[in-house]
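Participant: In our numbering, the protein residues as written are 1475 to 1570. Take a look at this one; I'll ask things after.
Quick look at the structure:
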């Protein structure tokens, strides 16, 4: 499900940037007009990335409940839960 969501999200994102680039292209300027469309699309992509980073930073950190700790024989307490690498370490430990 995660891979499918990533693929669909990427294709929708690329399609949206193509629409932005195509609608902002100035036809009278030739190559300069096309370049202007690409510049606008890159600015839109950069703004979307910054907004995504801000939204992710505002999401409260994920904490497991006490019942989940009691069920798991392995402890994830040694991993700092504030970084993306720690989330990956927790997921890898659970799948092994």
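Built from N, CA and C at the ideal position, the CB exists for glycine as well. Bear in mind the structure is a predicted one, so any value in this text is a computation, not a measurement.
Tell me which residue opens and which closes the alpha helix (DSSP H) that residue 1533 is part of.
Facilitator: Run containing residue 1533: none; DSSP gives neither H nor E here.
Participant: So, does the region 1489 to 1509 touch the region 1523 to 1536, judging by three or more C-beta pairs under 8 Å?
Facilitator: Put simply, the region 1489 to 1509 does not touch the region 1523 to 1536. Fewer than three CB pairs are less than 8 Å apart.
Participant: Please determine, among 1524, 1494, 1527 and 1501, the residue with the shortest C-alpha to C-alpha distance to residue 1513.
Facilitator: Among 1524, 1494, 1527 and 1501, the Cα nearest to that of residue 1513 belongs to 1494.
Participant: Where do the ends of the alpha helix (DSSP H) carrying residue 1476 lie?
Facilitator: 1476 to 1498
Participant: Going by C-alpha to C-alpha distance, which of 1491, 1511 and 1492 sits closest to residue 1499?
Facilitator: 1511
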